[in-house]
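Here is the structure we will look at.
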């Protein structure tokens, strides 16, 4: 079965420092991976996706993610964190075998950027 | 069109009552999804429509839950005889069917249901 794991419930980082939010996946077939961000009382906003091609994917708001097939990871990164990046981040994998393209989400990682 | 909209944003109801939520997807998005998100968890898939056809339902969707998308545009999710365990955020998402089948899903702001 397809699944993703986000091993950290919370990540704290100082403003201006680089940040990493971890995600590992387990899929049968090719992985289709996504990152979303959720602010309080709001829906999920798309950040970036990996389908194929370059292992380094660039997305919205200065975020990027590195796809690593050997480590089955898709970590989210940003070179310099902002206080406004503080939010809940979800990694997701598309459930390919089902044909519906539904997502399977991780449990989320709360990012706190400290001023 | 500014995105996926959901109504109401908040719903408080008493156990045993019926509730209905509405989702308006982005225009021309063929695919529509419903997810449920409980506190501290990621969203969990409930059901999927392509146009007006409901093509998949999760085991999470008990027989008290029903969803429709009658004209292939907006969708409704109804919960009958609500239980306290139904308290959650109900999220709707839509995406395009195009040459790129890997189009991302766009999410609405959600409807937060509280069952007393």
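Protein chains in written order, with my numbering: chain A, 1409 to 1523; chain B, 283 to 398.
In this text, a Cβ means the ideal position worked out from N, Cα and C, and glycines have one as well.
Bounds of the beta strand (DSSP E) holding residue 306(B) are 301–306.
The C-beta of residue 323(B) comes closer than 8 Å to at least one C-beta of chain A. Sequence-distant partners of residue 371(B) (beyond 5 residues in either direction) whose C-beta falls short of 6 Å from its own C-beta, in its chain, are 319, 392, 394.
Chain B has a Cβ within less than 8 Å of the Cβ of residue 1515(A). Looking at the DSSP output, residue 1482(A) shares a beta bridge with 1475(A). Note on geometry: alpha-carbon atoms of residue 1419(A) and residue 1427(A) lie some 8 Å from one another. Cα atoms of residue 329(B) and residue 1439(A): separation of roughly 22 Å, rounded to the nearest angstrom.
The straight-line gap separating the alpha-carbon atoms of residue 1484(A) and residue 299(B) is approximately 42 Å.
Per the Cβ contact rule, the region 1446–1455 of chain A is in contact with the region 1494–1504 of chain A (3 or more Cβ pairs under 8 Å). In the structure shown, residue 1491(A) falls within a helical segment according to DSSP collapsed to helix, strand and coil. Membership of residue 321(B) in any beta strand (DSSP E) is not indicated, and neither H nor E is assigned to it by DSSP. Not one beta carbon of chain A lies nearer than 8 Å to the beta carbon of residue 336(B). Nearest Cα to residue 1442(A) within the set 1521(A), 1522(A), 1523(A), 1516(A): 1516(A). Close CB contacts of residue 1522(A) within its chain, under the 6 Å cut and outside five residues either way in sequence, are with 1422 (chain order). Residue pairing by DSSP places residue 1454(A) opposite 1444(A) in a beta bridge. For the pair residue 1487(A) and residue 1511(A), the Cα-to-Cα distance works out to about 27 Å. Beta-bridge partners assigned by DSSP to residue 1464(A): 1474(A). Residue 1430(A) is bridged by DSSP to nothing; it lacks a bridge partner.
In its chain, beyond the 5 residues on either side, 359, 372, 393 have a beta carbon closer than 6 Å to the beta carbon of residue 303(B). According to the DSSP secondary-structure assignment, residue 1416(A) is paired through a beta bridge with no residue. If the five residues before and after residue 1466(A) are omitted, its C-beta is found closer than 8 Å to the C-beta atoms of 1456, 1472, all from its own chain and listed in chain order. Spanning the alpha carbons of residue 1458(A) and residue 1475(A) requires a straight line of approximately 7 Å.
Contact between residue 314(B) and residue 374(B) is confirmed by a C-beta separation of about 7 Å, below the 8 Å threshold.
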